[in-house]
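Residues 1 to 75 (the UniProt record's numbering) are what the sequence shown spells out, left to right.
Where is the CB? At the ideal position from N, CA and C, for every residue including glycine.
The structure displayed is predicted, hence computed values, not measured ones.
The structure appears below as structure tokens.
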Amino acid sequence: MCTACHGEDGTSRTAGTPHLGGQDRLYLERALADYRSGKRQHVPMTSLANALQPADIEALAAWYSARPGFAGSVP
Numbered sequence: 001m002c003t004a005c006h007g008e009d010g011t012s013r014t015a016g017t018p019h020l021g022g023q024d025r026l027y028l029e030r031a032l033a034d035y036r037s038g039k040r041q042h043v044p045m046t047s048l049a050n051a052l053q054p055a056d057i058e059a060l061a062a063w064y065s066a067r068p069g070f071a072g073s074v075p
């Protein structure tokens, strides 16, 4: 579900979509929690975050944070 916008390795190829690879695990967990609570507003992300269980959020955050970071510019 994440790869369509954020890339298979966390490197986005879509303008305006952030890279997730190498991001801090706690930051990613908090961002998804904020989409779920409505603190962060983005219709597709809110919908996707609401479909995730807490264990899914932890696993996704751990996986993306373990990927190499992207040294280039944001698309």
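Within the UniProt region "Disordered" (1 to 22), the alpha helix (DSSP H) runs of at least 4 residues that lie entirely inside it are, in chain order, 3 to 6.
Taking each of H6, A61 and A33 in turn and checking the Cα distance to T17, the smallest one comes out for H6. Cβ neighbours of L32 within its own chain (closer than 6 Å, five residues either side excluded): A49 and I57. Going by C-alpha positions, G38 is about 15 Å away from L28.
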